[in-house]
Each structure stands twice: as structure tokens, then as C-alpha cells.
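Student: What follows is a structure written as C-alpha cells; I'll ask about it next.
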Amino acid sequence: MDPDYPLQPSERFLDAALREQARLGAGGRDEEMIHRILQATVHRPVNAVLRRPLVAPNLWDRRSIVVGVGAVAAIVTVGVWVLSSLNYSRRTAQEYQFVVRRIADPVADPAIRPSAIVAQAPLRSLPPGGWMVHAAHPNASPLVGLSPVPGYELIASLGPALTDSAFDTLRQGRLRIIADHQSATDMGIRYEGRVEIEDAEYRIEAQQATLPPLGNVAARSIEDDRDGLDSCLLATEVRVTQISTGRTASAARLRYDLLAGTMELSGLLAFVDREGPTPAWQRGDRLRMTGSEYQIEARPVDAKASFPAP
Amino acid sequence: MEAKFVTNICALAKCYQDMHFLTIDDRPQSGDLDPGHPEDFAVLVERHHRDLLVYAVALTRSDATARDIVQDSFIVAYEKMHLFDVTRDFATWMRGIVRNKWREWLRRERKYDLNDNELARIDAAVAIWQERQTQGHDPLSIALETCLTKLPEDLRETIELYYYEGCTGDEVADRLRLAPAAIRKRLQRARSALKQCLELRGTGDGAGVMGHT
Chain E
556 MDPDYPLQPS ERFLDAALRE QARLGAGGRD EEMIHRILQA TVHRPVNAVL RRPLVAPNLW
616 DRRSIVVGVG AVAAIVTVGV WVLSSLNYSR RTAQEYQFVV RRIADPVADP AIRPSAIVAQ
676 APLRSLPPGG WMVHAAHPNA SPLVGLSPVP GYELIASLGP ALTDSAFDTL RQGRLRIIAD
736 HQSATDMGIR YEGRVEIEDA EYRIEAQQAT LPPLGNVAAR SIEDDRDGLD SCLLATEVRV
796 TQISTGRTAS AARLRYDLLA GTMELSGLLA FVDREGPTPA WQRGDRLRMT GSEYQIEARP
856 VDAKASFPAP
Chain H
16 MEAKFVTNIC ALAKCYQDMH FLTIDDRPQS GDLDPGHPED FAVLVERHHR DLLVYAVALT
76 RSDATARDIV QDSFIVAYEK MHLFDVTRDF ATWMRGIVRN KWREWLRRER KYDLNDNELA
136 RIDAAVAIWQ ERQTQGHDPL SIALETCLTK LPEDLRETIE LYYYEGCTGD EVADRLRLAP
196 AAIRKRLQRA RSALKQCLEL RGTGDGAGVM GHT
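The listed protein sequences derive, respectively, from chains E and H. If you read the first sequence in the working numbering, its first letter stands for residue 556, the second for the next number, and so on. If you read the second sequence in the working numbering, its first letter stands for residue 16, the second for the next number, and so on.
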């Protein structure tokens, strides 16, 4: 607010309306705030709801005093234990923002080194720790007036929102990740222990998940199953809920390609489709979900793990 | 003139009744949505959060505080849903919670701001747009966008620089090579014209053609 321009009370409604109009646009929504509200209300785990006793206890009778002293002792003991183990089991929450957009850079050329790809990327100030992945789409038609080899790029940041008003944006979103532990490995950032991941389309619970390493840059086909790990979230022992359809599935492994927007579950353990009859599937099958569509593939004879060995 | 005075008095009276939680038979309800149902609550959050943000910004004049207040208000509403009278209007109830949060904030910050009349005017302005949206009319943001396009060029340019580009008043004055006092006057005129346009749209009389006032 500009302190040099004091407002009359009668102007404050219009001033506030204009500020929100400038921030959110006409008809826009404050998605971040809505997300936080829903996380704290309708999406809050049931066991987090406080239950109040119906009858207020008498705090000064003998039994209450004994129980109270015992409870205080227990709390102190647990508190000491928690403090002593804080470095090893701190539950953390992080948010990744990502944008997938069409670019005209000839990134599919294997002769171009990754550093050169970054240099050719459209001018943008990436937030600290931001990373990019470029990919060429083999079936994409050339854009008029642009390079005949259009491609796609995935831009992601850890923490701060991407403010780039992306030209020709295909997809954008955010991943919110909570886990007991996180560590940096050669494969990327690994989250372990009660991992919860959520974006606009999926809710994922997993035992372990890995995001690509920061600064990773690679060129690949958007539909290439083998070489797409640089833009994929990988997880094991997962339970997935597709928010828009209510479908739920459990599987041994998960691969969520942020660039293509496809979710692949291999080693299927359970699958329920609330929108219609669940098709026949067998334990170990592979489930692919893209938007509202899905496809089940029989378990391959020579199963090829899509999750890399640690 | 007399009709306008009567309209204002009526709006103020209705607003006072809302503020003191009296019921009015013809008050619009929350449609067929049940705030106690999680899915309906999510819809109500999406429907009302923007108007409540405008309300909170108008009260606090702080964007960040306003967002905190609106977020806390929805969470409190969800936790106290068993206290919500289903015969009452959800938007009115939410404005009441936002107002209480704002008063708590004033007490914490040891501030005094807005008397009852001024508060009632802001409340009435927000209430009109919440009611219209509940009835399926254009929300405030759409109406405001239309009104902005009808502003004279010089006023629109000033609004763009000040609100959309985030310039201070002095920076706008530098950009437009005008005195700061002239910019202040332009902003006042622009807000006055927009208010007039919104009042026309809010009462269903259609948008008026705006000129210099």
C-alpha cells in the first residue's frame, strides 16, 4: 500500500477491488489460498480433527491429579526423545512449481551439448535452484515462422513461484511434497518415509519418491518411455488417487512424467474406477493414466523396471 | 437525490441487521449448497474467497494480512460449522467471521480504524456482490473489468500504472510527467467513476457511460 496516498473510507472498497483485480485478473481465483484452505479443512486427514470431551472433567480429584502427573512425565519423556532425534526424523514440506511450454529451439540435435541448450533457452531468470529439461516432440507440426523442429521444455523451481507468463504454455502446476526424510543422491532428491505428494490432478502416498537432480538437463522425445527419467517423478509402494475421477490404484512402482503429464503404475496391486465398471486386470499389470483416460497393459514376460536401481 | 438517499439508508439498515445476526426473510440463502458437506464447502470457498479478499483488503489495507484473515476465517468456519444456522446466508456468516478476525488484528496491532458507519458501507458494498454472485449474476471482478474498459484513457492509464504495474504515486507522476497532486486527483476520479459504474451494474441498471466527473 502506498502510504503517501491516504484513502477516504468511502474509497477503500474500490481500492481493494482494484488491488485484487490487478493481482488475480477478471474472474481469476487465488489458487494458492484455496489450496491451503482446502488442505486445512476438507482435505485434512480425519485423525487430525480435534475431538472435544462432552463433559468437562473435574481437574482436582485424586484420579485426575495422578493421571495429570503421569501425563506430564510422559510428555517430558517424549519431548526429550523427539528433541534428541530431531535431526533424523524431521518431517519436511516442499513445493515444486513447474511449467511445460513449447519452444522453437532445435534441442533434439544430439550434437548440442546440454550447456548449449540452456544457453539457447528463452531469456528468463530462473529462481535459485531452478532446473530445466528440454524435449523434442517427434510428431509436432512446425510452427509458422519458427524453427521447423519445435520442442518442449520443462521449467521447475523449488519454492518460489514461477512468474513467467509463459508463451504457448502446455501445462503448469505444482507438486507439494511432504516426507519424513529427504536427501540428495546421484538420482536426484530422494524423499523417504510417509511420502505424500499432491498436485491438481493426483494425490500420491508412497514409501519412497525421487525427483530428478537439480540442474539436470537432457534432450529426449516426449513419448520415449526409456529415456524420460529426467522429467519424471519416481516412487515405490504407492497409492494414487486421481482427484478429478476418484480412481484409486496401488502399485509397486510409479512414474509420473511431468513433461508429458502421464502417470504410469507398474506392478499393479489394486485398481478401482468409481466412474464405471473396473476392467479386468491382474496383479502385476501396468496402468497408464493420461487425463481422464487410462489403459491397462498385461504384465510383460520380461519385465523391465522403469524405476532405476539405487 | 431523495431516492438515492433512501437507497443508501436501506443498504445501511440491512447491513446493520446482518452484522448483528438478525434474520431477514427474503435474504438469499446459499442456494442448494450445504456448507457442512465437504464438496459443497469447497465450492463455497471458490465462490466467495475473492469477495472476502476484497472485503479484508478494504478493512486492513494490507494484502498479506487480508489473505491470512480470509484463510483463517474459512478454517474457523469449517471447524465451527455445527454453529452455522442453515437458514442463514453463508456469505453473511463469513463476512461476520472476517470482521471478527479483523477486529482481533486491530487489537493485536493496537490500531483504531473505521467507525461503524464506514464499516457498514464497506460491508454493504461487498454484500451486494456476494448476493449477486449467489443469484448467478456476474461477479464483481467481471463487472469491474467491464467498467475499467469504459474509463477515459487518461484515467485508465493512471489506474494501470498505479494498481497493475505497482508504481507508487510519485512514480506514476514521474512517468506521466504530472504533479503528484494531479495523480492523486486522477485516482480519486477514476475510483469515483468506477464506483458509479459498479453501482449501476450492481443494481441491474446496466453500465453507464463514464466521462470526467
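By construction, the Cβ of each residue, glycine as well, lies at the ideal position given by its N, Cα and C atoms. Remember, it's a predicted structure, so these values are computed and weren't measured experimentally.
Mark VAL187(H) as exposed unless 16 or more other C-beta atoms lie within 10 angstroms of its C-beta, in which case mark it buried.
Tutor: The residue given as residue 187(H) occupies position 172 in the second sequence. Result: buried.
Student: If we count the other Cβ atoms within 10 Å of its Cβ and call it buried at 16 or more, is HIS97(H) buried or exposed?
Tutor: In the second sequence, counting from the first residue as 1, residue 97(H) sits at position 82. By the 10 Å Cβ count, HIS97(H) comes out exposed.
Student: Give a yes or no on whether 8 Å exceeds the smallest Cβ distance from GLU146(H) to chain E.
Tutor: On the second sequence, residue 146(H) is found 131 positions in, with the first residue counted as 1. No, because no Cβ of chain E sits closer than 8 Å to the Cβ of GLU146(H).
Student: Looking only at C-alpha atoms, which of ASP585(E), ARG574(E), ARG599(E) and GLU852(E) sits nearest to VAL72(H)?
Tutor: By 1-based counting over the second sequence, the position of residue 72(H) is 57. That would be ARG574(E), whose Cα lies nearest to the Cα of VAL72(H).
Student: Where DSSP assigns a beta bridge to ASP812(E), which residues make up the other side?
Tutor: Taking the first residue of the first sequence as position 1, residue 812(E) is located at position 257. Its beta-bridge partners are CYS787(E) and THR817(E).
Student: With VAL795(E) and LEU809(E) assumed to form a contact (beta carbons below 8 Å), what rounded beta-carbon distance in angstroms separates them?
Tutor: Here residue 795(E) is taken as the residue at index 240 of the first sequence, counted from 1. Here residue 809(E) is taken as the residue at index 254 of the first sequence, counted from 1. Correct: roughly 7 Å between the Cβ atoms.
Student: Would a check of beta-carbon distances place ILE137(H) closer than 8 Å to chain E?
Tutor: What you label residue 137(H) is simply residue 122 of the second sequence in a count that begins at 1. It does; some Cβ of chain E falls within 8 Å.
Student: Taking VAL141(H) as part of the alpha helix (DSSP H), name the residues at either end of that continuous run.
Tutor: Here residue 141(H) refers to the residue found at position 126 when the second sequence is read from its first residue. Per DSSP, VAL141(H) belongs to the alpha helix (DSSP H) from 131-149.
Student: So which residues on chain E does PRO53(H) lean against when the C-beta distance must stay under 7 Å?
Tutor: Taking the second sequence and counting its residues from 1, one reaches residue 53(H) at position 38. Those are VAL597, listed as they occur along chain E.
Student: From GLY51(H) to VAL141(H), what does the alpha carbon distance come to, in whole angstroms?
Tutor: Along the second sequence, read from residue 1 onward, the residue named residue 51(H) stands at position 36. Along the second sequence, read from residue 1 onward, the residue named residue 141(H) stands at position 126. In a straight line, the C-alpha of GLY51(H) is about 23 Å away from that of VAL141(H).
Student: Just reading off the alpha helix (DSSP H) that TYR52(H) is part of, what are its end residues?
Tutor: In the second sequence, counting from the first residue as 1, residue 52(H) sits at position 37. Before going on, a small fix: residue 52(H) reads as His here, not Tyr. Unbroken run through HIS52(H): none, as it is neither H nor E.
Student: Given that a residue counts as buried once 16 or more other Cβ atoms are within 10 Å of its Cβ, and exposed if not, what is THR107(H)?
Tutor: Here residue 107(H) corresponds to residue number 92 of the second sequence, with the count starting at 1. Under this definition THR107(H) is a buried residue.
Student: Around the Cβ of GLY184(H), are there at least 16 other Cβ atoms within 10 angstroms (buried) or fewer (exposed)?
Tutor: In the second sequence, the residue the question calls residue 184(H) occupies position 169. Under this definition GLY184(H) is a buried residue.
Student: For PRO834(E), count neighbouring C-beta atoms within 10 Å of its own C-beta (all shown protein chains included) and say buried if the count is 16 or more, exposed if not.
Tutor: Along the first sequence, one-based indexing puts residue 834(E) at 279. Exposed, because fewer than 16 other Cβ atoms sit within 10 Å of the Cβ of PRO834(E).
Student: If I'm right that ASP840(E) touches LEU823(E) with Cβ under 8 Å, what's the distance once you round it to whole angstroms?
Tutor: Taking the first residue of the first sequence as position 1, residue 840(E) is located at position 285. Taking the first residue of the first sequence as position 1, residue 823(E) is located at position 268. Going by Cβ atoms, the distance from ASP840(E) to LEU823(E) rounds to 5 Å, so yes, they are a contact pair.
Student: How would you list, in chain order, the residues of chain H whose beta-carbon sits under 8 Å from the beta-carbon of ARG799(E)?
Tutor: The residue given as residue 799(E) occupies position 244 in the first sequence. With the sequence shown as reference, residue 799(E) is identified as Ser, and Arg is not the correct amino acid for it. Here the premise fails: no neighbours, minimum Cβ distance about 13 Å.
Student: Could you pull the DSSP bridge partners for GLU751(E) from this structure?
Tutor: Looking up residue 751(E) in the first sequence gives position 196. ILE733(E) and GLU760(E), per the DSSP bridge assignment.
Student: Mind listing, in chain order, the continuous alpha helix (DSSP H) runs of no fewer than 4 residues lying wholly within the stretch 49-117 of chain H?
Tutor: Segments of the alpha helix (DSSP H) lying fully in the stretch 49-117 of chain H: 53-75 and 78-94.
Student: Considering ARG206(H), what are the terminal residues of the alpha helix (DSSP H) in which it resides?
Tutor: Residue 206(H) sits at position 191 when you count from the first residue of the second sequence. It spans 195-217 - the alpha helix (DSSP H) in which ARG206(H) sits, taken as one unbroken run.
Student: Which residues in the same chain as ASP779(E) place their Cβ atom closer than 7 Å to its Cβ, once the five residues preceding and following it in sequence are excluded?
Tutor: On the first sequence, position 224 is the one that residue 779(E) refers to. Only weak support exists for where ASP779(E) lies, its pLDDT of 47 falling under 50; the value from the coordinates is given anyway. So the list is empty, once near-sequence residues are dropped.
Student: Does any CB atom of chain E fall closer than 8 Å to the CB of MET56(H)?
Tutor: Walking along the second sequence from the start, residue 56(H) turns up at place 41. One point to set straight first is that residue 56(H) is Phe, not Met, in the sequence displayed. Chain E, which has a Cβ nearer than 8 Å to the Cβ of PHE56(H), makes this yes.
Student: Which residues in chain H sit within 8 Å of ALA807(E), going by Cβ to Cβ distance?
Tutor: In the first sequence, the residue the question calls residue 807(E) occupies position 252. In chain order: nothing, as chain H lies at least about 31 Å away.
Student: Under 8 Å Cβ-Cβ, which residues of chain H neighbour ASP585(E)?
Tutor: As a position in the first sequence, residue 585(E) is number 30, starting the count at 1. Correct list: HIS64, ARG65, LEU68 and ARG82.
Student: Run through chain H and tell me which residues come within less than 9 Å of ASP754(E), C-beta to C-beta.
Tutor: Taking the first residue of the first sequence as 1, we reach residue 754(E) at position 199. Within 9 Å Cβ-Cβ: nothing; ASP754(E) doesn't reach chain H, min ~17 Å.
Student: When the cut-off is 8 Å and only beta carbons count, does ALA648(E) lie next to chain H?
Tutor: On the first sequence, residue 648(E) is found 93 positions in, with the first residue counted as 1. It does not; no Cβ of chain H falls within 8 Å.
Student: Counting only beta-carbon atoms, is MET588(E) nearer than 8 Å to chain H?
Tutor: As a position in the first sequence, residue 588(E) is number 33, starting the count at 1. It does; some Cβ of chain H falls within 8 Å.
Student: What does a CB cutoff of less than 8 Å around ALA205(H) pick up in its chain, not counting 5 residues either side in sequence?
Tutor: For the purposes of this step, residue 205(H) is identified with residue 190 of the second sequence, where counting begins at 1. Excluding sequence neighbours, ALA205(H) sits near LEU166, LEU170, ARG171, THR173 and ILE174.
Student: With C-beta atoms as the reference, is ARG65(H) less than 8 Å away from LEU593(E)?
Tutor: What you label residue 65(H) is simply residue 50 of the second sequence in a count that begins at 1. What you label residue 593(E) is simply residue 38 of the first sequence in a count that begins at 1. Cβ atoms of ARG65(H) and LEU593(E): not closer than 8 Å.
Student: Along the stretch 566-585 of chain E, what residues have a CB closer than 8 Å to any CB found in chain H?
Tutor: Residues passing the 8 Å Cβ filter: GLU566, ARG567, PHE568, LEU569, ASP570, ALA571, ALA572, LEU573, ARG574, GLU575, GLN576, ALA577, ARG578, LEU579, GLY580, ALA581, GLY582, GLY583, ARG584 and ASP585.
Student: Between ALA755(E) and THR791(E), how many whole angstroms is the CB-CB distance? I'm expecting something under 8 Å.
Tutor: Here residue 755(E) corresponds to residue number 200 of the first sequence, with the count starting at 1. Here residue 791(E) corresponds to residue number 236 of the first sequence, with the count starting at 1. At roughly 23 Å, the Cβ-Cβ gap does not stay under 8 Å, so ALA755(E) and THR791(E) are not in contact.
Student: Distance cutoff 8 Å, beta carbons only. Does ARG802(E) sit that close to anything in chain C?
Tutor: Absent from the structure: chain C. Protein chains present are E and H.
Student: Among residues of its own chain, excluding the 5 on either side of ALA611(E), which ones have a beta-carbon nearer than 6 Å to its beta-carbon?
Tutor: Position 56 of the first sequence, counting from 1, holds the residue named residue 611(E). Per-residue confidence for ALA611(E) stands at a pLDDT of 49, beneath the threshold of 50, marking its modelled position as unreliable; the derived number appears in the next sentence. Same-chain partners within the cutoff: there are none.
Student: Chain E partners of GLU61(H), CB-CB under 8 Å?
Tutor: In the second sequence, the residue the question calls residue 61(H) occupies position 46. Ordered by position in chain E, the residues that pass the 8 Å Cβ test against GLU61(H) are ARG584 and ILE589.
Student: Check this for me: beta carbons of VAL58(H) and PHE89(H), under 8 Å apart or not?
Tutor: On the second sequence, position 43 is the one that residue 58(H) refers to. On the second sequence, position 74 is the one that residue 89(H) refers to. No.
Student: Using a C-beta cutoff of 8 Å, does TYR127(H) count as contacting chain E?
Tutor: On the second sequence, residue 127(H) is found 112 positions in, with the first residue counted as 1. Closer than 8 Å: no.
Student: Among residues of its own chain, excluding the 5 on either side of MET818(E), which ones have a beta-carbon nearer than 6 Å to its beta-carbon?
Tutor: Within the first sequence, residue 818(E) is the residue found at index 263, counting from 1. These residues qualify, in order along the chain: TYR811 and MET844.
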